[in-house]
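A.B. asks:
Protein chains in written order, with the working numbering: chain A, 879 to 1688; chain B, 25 to 264.
#1: Alpha helix (DSSP H) containing residue 1098 of chain A: first to last residue?
#2: Would the stretch 105 to 115 of chain B and the stretch 169 to 185 of chain B be scored as touching if the rule is three or more Cβ pairs under 8 Å?
#3: Within 10 angstroms of the Cβ of residue 1285 of chain A, are there 16 or more other Cβ atoms? Answer buried if so, exposed if not.
#4: Using the three-state DSSP reduction, which class does residue 223 of chain B fall into: helix, strand or coil?
#5: Does residue 102 of chain B get closer than 8 Å to chain A when you measure Cβ to Cβ?
#6: So, does the CB of residue 1306 of chain A fall closer than 8 Å to a CB anywhere in chain B?
#7: Is the Cβ of residue 1595 of chain A closer than 8 Å to any Cβ of chain B?
#8: Runs of 4 residues minimum, wholly inside the stretch 1205 to 1239 of chain A: which ones carry the alpha helix (DSSP H) assignment?
#9: Rounding to the nearest angstrom, what Cα-Cα distance links residue 1394 of chain A and residue 1353 of chain A in this structure?
#10: How would you write the range of the beta strand (DSSP E) that residue 1616 of chain A sits in, first residue to last?
#11: Considering only DSSP beta bridges, list what residue 1479 of chain A is partnered with.
#12: Within its chain, find whatever has a CB closer than 6 Å to the CB of residue 1268 of chain A; leave out the 5 residues flanking it on each side and keep chain order.
#13: Note the first and the last residue of the continuous alpha helix (DSSP H) segment covering residue 1127 of chain A.
#14: List the whole-angstrom C-beta distance separating residue 1248 of chain A from residue 1237 of chain A, where the pair is believed to meet the contact cut-off of C-beta under 8 Å.
#15: I think residue 967 of chain A touches residue 1119 of chain A, with their Cβ atoms under 8 Å apart; what is that distance to the nearest whole Å?
#16: Is residue 84 of chain B helix, strand or coil by DSSP?
#17: Taking just the CA atoms, how far does residue 1387 of chain A sit from residue 1546 of chain A?
#18: Mapping DSSP to helix, strand and coil, what is residue 1153 of chain A?
#19: Could you compute how far the alpha carbon of residue 1489 of chain A sits from the alpha carbon of residue 1436 of chain A?
#20: Under three-state DSSP, which class holds residue 1469 of chain A?
#21: Count the other CB atoms within 10 Å of the CB of residue 1346 of chain A; is the residue buried (16 or more) or exposed (fewer)?
#22: Just to confirm before moving on: does the CB-CB distance between residue 1549 of chain A and residue 1415 of chain A stay below 8 Å?
#23: So residue 1672 of chain A and residue 1589 of chain A are supposed to be a Cβ contact under 8 Å. How far apart are they, rounded?
#24: Should residue 1289 of chain A go down as buried or exposed, given a rule of 16 or more other Cβ atoms within 10 Å for buried?
#25: Could you tell me whether the stretch 185 to 203 of chain B touches the stretch 119 to 133 of chain B, where touching means 3 or more Cβ pairs closer than 8 Å?
#26: Keeping to the same chain, check which residues put their C-beta closer than 6 Å to that of residue 1391 of chain A; ignore five residues upstream and five downstream.
#27: Could you pull out every residue in the same chain whose Cβ sits closer than 6 Å to the Cβ of residue 1292 of chain A, ignoring the five residues on either side in sequence?
#28: Residues in its own chain within less than 8 Å of residue 904 of chain A by CB, not counting five upstream and five downstream?
#29: Within the continuous beta strand (DSSP E) that includes residue 867 of chain A, where are the two ends?
#30: Listed in chain order, which residues of the stretch 1599 to 1620 of chain A have Cβ atoms closer than 8 Å to some Cβ of chain B?
#31: Are there three or more Cβ pairs, one per stretch, closer than 8 Å when the stretch 41 to 57 of chain B is compared with the stretch 220 to 238 of chain B?
#32: Quick check: the Cα distance between residue 1443 of chain A and residue 1476 of chain A, rounded to an integer number of angstroms?
#33: So is residue 1681 of chain A in contact with chain B if we call contact Cβ pairs under 8 Å?
#34: Put residue 161 of chain B into one of helix, strand or coil per three-state DSSP.
#35: Under 8 Å, do residue 46 of chain B and residue 77 of chain B count as touching if we go by C-beta distance?
#36: In the stretch 1316 to 1359 of chain A, which residue ranges form an unbroken beta strand (DSSP E) of at least 3 residues, counting only runs that do not cross its ends?
See below:
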């Protein structure tokens, strides 16, 4: 213990004695450990920390697919949910819910909030008690039951100022009074916005399925089901059971389920559904910061090696005075672990800020990003990381120094360090650094390449100069489609009069923002042959306002009303897929129980669901013909002559001028919508890019350090070479050549590692292969260039050598 | 071959300057074997460096094979060095990480000589110094005498007209020293001009002229240029 304290004291003194070295080492460690702790804390919260429910591992979601129509993942219909609920043998509880939005009015500006209509047992299945009041009962969860609502903690705090007297208070949802009966705890979220078709609910009300909702088994698959497995039941058993239930209800309803209409259920773990999409990205980022730390370690090991060479004499004296090899190793390790712990503390500080940055700028698609914190698990991780780091970068120089022929150091003094072996070791470390940075650069390069390609994808519309404003018509004040239509027309008229506005239009589902699909049939085709298509309802003028090209026929007209025959416009892909050589104009589509829609026009393809997704068949319908029962969501699209953002306030006022209680939200430019649709891609690209640049810098600094050191150790040799006739260019070539050789070996090793590593990125790439030769060529070039720059400074110094040094050195 | 006129070399030391060489006037003809002697600090090595064109910071006039070195820039001086001069050092100064063969190749690699021609020149030197069997060894695998032998071989591999040797036998025992000095004598007999710096009277006896330096002054030179009045060995060589 005493000798350990002695080592510690001595280590501290040595670090204090070389402030330059200590500062650089701490900086490198802070970056390496900070980045790792930050990303780990995200991984810890998002992937490792259990969901905020009781025994979350036993919760599963039941999804269905409609393979005959081409929907890979939908919810269930209400009737199907009831079948799963009543016929399963594997769940101890099963809850159904629907995601919705509602206009919350009274006390402050009207706002649209995401809400969840859920069966009464949702909370008990999730195993979460309200923070205040109660949740609703089976009695309240029935058609015509009392209108009660449970608030989220966030809504209670934000909108009602955390009013402790909120229970029993009436609030207005879509114009109807609801009584607040409970407030959920702050940690409670359900559903997570990363679940398909979900937003993070701010309020829960009873689902109270009406007989009408239950009657049609296949009209809508918008009921979602979460269930808790009985003790001892595994997920495969649950899968087997839901498959059995689905087979039963399909056999019992042969008229409903026939032709292309049939469902296949999937019972999947809730946690996997919530984090499934971001898991690969987070793991890639964790791997990336791991590489950054590895590079930092190699850098530090190199710095320590240089120092240890300078301290060989000290070690020789210690050995001569009786220090054992183990003792010498411990002396070195104490110093390096001391440094690493210092770096760990600073790294924690850096991670604290990084985490805040990530929470502020991270994409919505990463669940619980706002909850990321430096909890005890993260602290333990940081401590372990610092310790391992210290041992990792301290081991090499410690081992080398203690092993070397120390008695020669006593005779030769400091010059003994220029051995071939020492140089090889240091070069080897730089090779590791270069290889690691190449892997990171290649990964970042591929993501950047993909991102550029995604941005280059023509969206099929012209986003420039377009302003978006949204509202939602509630059923109480706008019970009929006609009342909505009248308000929409009035708002359009007001928007059109704003100065700078060129044209305006209306749409229910905006490309890249509001996905929506329908199942349809084609008149004259077999009656059970269903197909699916993206769908949106639009006003006349929508195509010109959005800059969508009309290839054939016509767009919608003001004369297309509820009293005129239904018309539809389709996209090129639908025309090509289902009509091939025929002219689609005049053909008729069947949707639900409505009269057939006559195709009157064909537009160019528009990227509707995502820029990096294939264009699906698309059916546009007139909002003023079929709005009833379809959507109460209204998006106003305004094409302006100047900067669309400058019209935002005027657009809000125009809507409120028609109805001051309408919530106005999502006022933004179409360019921002476009940018938002690639936010997750941008996020992972930016982070990986930042780590790659960090890695490149550290590798370059590492190479610079090694060459600098090597040149300083070889000043005598350089002088001698000058005495033997070398000129500046010869010396430059010698040093730069040494640097480039090391870099090239690193590049070759890195390329091999990347060929294996970039495959992990395959799912995140777009339009570029994980082995894209151009990307690899460019990143290898960047690395070689960095190596050239890093070599140049020490090389220049070598050329300044005074040959007299060589002659005087005796 | 060499004419030095009023060559002076100073070092800045704090606020003042220290004179290392004072008004040196020396003529050396081709084919001479000149020894420079004097106590430590007399300026012997400095004089050798100036003659070898490794030192740029001196004043005075220096003609080498009628080229006015004092008017040349560093690059041109290095060119002359490469073409005509070979060095032998007391500590051999072989490059540790290169084999004997590669060490001999180093000076040639800095001249515009084809790889093929270099190979034959190195082979000839190896042969001439009878070290063919050691061509793949590293300096650390050779004895001191062998290392200096390689050092001399490296100095002559490019067939220089002038060899500058700074205490060439300082690290060798007497039999090895004798061998090296015999070698110098032989080279001199074959026409190579040699200037050596040494403390050893025995070594000096191999040459045909000895120049004595003291405190930077040439105090004795049997062939001092006429009319250039060799300066007094006054006690004036110290710091001014």
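A virtual CB, placed ideally from N, CA and C, is assigned to each residue, including glycine.
C.D. replies: Working from what's here:
#1: Numbered from its first residue, the first chain carries residue 1098 of chain A at position 220. First-last for residue 1098 of chain A: undefined, no H or E at that position.
#2: These segments touch.
#3: Here residue 1285 of chain A refers to the residue found at position 407 when the first chain is read from its first residue. Unreliable placement is indicated for residue 1285 of chain A, whose pLDDT of 48 sits below 50; the coordinate value is still reported in the next sentence. Counting Cβ neighbours within 10 Å, residue 1285 of chain A comes out exposed, since fewer than 16 surround it.
#4: Residue mapping note: residue 223 of chain B aligns to position 199 of the second chain, counting from 1. In the three-state scheme derived from DSSP, where H, G and I count as helix and E and B as strand, residue 223 of chain B is classed as coil.
#5: Along the second chain, read from residue 1 onward, the residue named residue 102 of chain B stands at position 78. So yes, residue 102 of chain B belongs to the interface.
#6: The residue you call residue 1306 of chain A lines up with position 428 of the first chain. Contact with chain B is absent for residue 1306 of chain A, since none of that chain's Cβ atoms lies less than 8 Å from the residue's Cβ.
#7: Position 717 of the first chain, counted from the start, is the residue given in the question as residue 1595 of chain A. At a cut-off of 8 Å between beta carbons, residue 1595 of chain A contacts chain B.
#8: The stretch 1205 to 1239 of chain A contains no whole alpha helix (DSSP H) run of 4 or more residues.
#9: Here residue 1394 of chain A corresponds to residue number 516 of the first chain, with the count starting at 1. Here residue 1353 of chain A corresponds to residue number 475 of the first chain, with the count starting at 1. Rounded to the nearest whole angstrom, the C-alpha separation of residue 1394 of chain A and residue 1353 of chain A is 21 Å.
#10: Numbered from 1 along the first chain, position 738 holds the residue referred to as residue 1616 of chain A. Note, residue 1616 of chain A: premise wrong, no beta strand (DSSP E); alpha helix (DSSP H) at 1606 to 1635.
#11: The residue labelled residue 1479 of chain A in the question sits at position 601 within the first chain. Paired residues: A:1431, A:1447.
#12: Here residue 1268 of chain A refers to the residue found at position 390 of the first chain. So the list reads 1214, 1215, 1218, once near-sequence residues are dropped.
#13: Here residue 1127 of chain A is taken as the residue at index 249 of the first chain, counted from 1. Start and end: 1113 to 1130.
#14: Locating residue 1248 of chain A in the first chain gives position 370, counting from the first residue. Locating residue 1237 of chain A in the first chain gives position 359, counting from the first residue. In this structure, residue 1248 of chain A and residue 1237 of chain A form a Cβ contact; the two beta carbons are roughly 5 Å apart against a cut-off of 8 Å.
#15: In the first chain, counting from the first residue as 1, residue 967 of chain A sits at position 89. In the first chain, counting from the first residue as 1, residue 1119 of chain A sits at position 241. Yes, residue 967 of chain A and residue 1119 of chain A are in contact; Cβ-Cβ is about 6 Å, under 8 Å.
#16: Within the second chain, the letter at position 60 stands for residue 84 of chain B. Here residue 84 of chain B sits in strand by DSSP.
#17: Stepping through the first chain from its first residue, residue 1546 of chain A is reached at position 668. Stepping through the first chain from its first residue, residue 1387 of chain A is reached at position 509. Separation of residue 1546 of chain A and residue 1387 of chain A (C-alpha to C-alpha, rounded to the nearest whole angstrom) is 15 Å.
#18: Position 275 of the first chain, counted from the first residue, corresponds to residue 1153 of chain A. Looking at residue 1153 of chain A - three-state DSSP - the assignment turns out to be helix.
#19: Translated into the one-based positions of the first chain, residue 1489 of chain A becomes position 611. Translated into the one-based positions of the first chain, residue 1436 of chain A becomes position 558. Within the model, the alpha-carbon separation for residue 1489 of chain A versus residue 1436 of chain A is close to 31 Å.
#20: Looking up residue 1469 of chain A in the first chain gives position 591. Residue 1469 of chain A: coil per DSSP, three-state reduction.
#21: Here residue 1346 of chain A refers to the residue found at position 468 of the first chain. Taking every protein chain shown into account, the CB of residue 1346 of chain A has 16 or more other CB atoms within 10 angstroms, so this residue is buried.
#22: As a first step, residue 1549 of chain A is located in the first chain; it is residue number 671 there, counting from the start. As a first step, residue 1415 of chain A is located in the first chain; it is residue number 537 there, counting from the start. Not in contact: residue 1549 of chain A and residue 1415 of chain A (Cβ atoms no closer than 8 Å).
#23: By one-based count along the first chain, residue 1672 of chain A stands at place 794. By one-based count along the first chain, residue 1589 of chain A stands at place 711. Contact check for residue 1672 of chain A and residue 1589 of chain A: beta-carbon distance about 4 Å, within the 8 Å limit, so the pair qualifies.
#24: Taking the first chain and counting its residues from 1, one reaches residue 1289 of chain A at position 411. Model confidence at residue 1289 of chain A stands at a pLDDT of 46, short of 50, so the residue's coordinates are unreliable; what they give is reported in the following sentence. Exposed, since its Cβ has fewer than 16 Cβ neighbours within 10 Å.
#25: A contact is defined here as three or more CB-CB pairs under 8 Å, and the stretch 185 to 203 of chain B fails this definition with respect to the stretch 119 to 133 of chain B.
#26: In the first chain, counting from the first residue as 1, residue 1391 of chain A sits at position 513. Answer for residue 1391 of chain A: 1551, listed in chain order.
#27: Residue numbering aside, residue 1292 of chain A sits at position 414 when the first chain is read from its first letter. In this predicted model, residue 1292 of chain A has a pLDDT of only 40, less than 50, meaning its place in the structure is not dependable enough to derive any value.
#28: One-based indexing of the first chain puts residue 904 of chain A at position 26. For residue 904 of chain A, where only same-chain residues beyond five positions count, the Cβ hits under 8 Å are 1217, 1220, 1221, 1224.
#29: Within the shown structure, residues of chain A are numbered from 879 to 1688, placing residue 867 of chain A beyond reach of any answer.
#30: Those residues of the stretch 1599 to 1620 of chain A that come within reach of chain B (Cβ to Cβ, closer than 8 Å) are 1599, 1600, 1601, 1602, 1603, 1604, 1605, 1608.
#31: Cβ pair count under 8 Å is three or more, so yes.
#32: In the first chain, the residue the question calls residue 1443 of chain A occupies position 565. In the first chain, the residue the question calls residue 1476 of chain A occupies position 598. The straight-line gap from Cα to Cα measures roughly 8 Å.
#33: Start at 1 with the first residue of the first chain, and residue 1681 of chain A comes out as number 803. For residue 1681 of chain A, the answer is yes, since a Cβ of chain B falls inside 8 Å of its Cβ.
#34: Within the second chain, residue 161 of chain B is the residue found at index 137, counting from 1. Here residue 161 of chain B sits in coil by DSSP.
#35: Looking up residue 46 of chain B in the second chain gives position 22. Looking up residue 77 of chain B in the second chain gives position 53. Taking 8 Å as the Cβ cut-off, residue 46 of chain B and residue 77 of chain B do not qualify as a contacting pair.
#36: Unbroken beta strand (DSSP E) runs of no fewer than 3 residues, entirely contained in the stretch 1316 to 1359 of chain A, are found at 1344 to 1350, following chain order.
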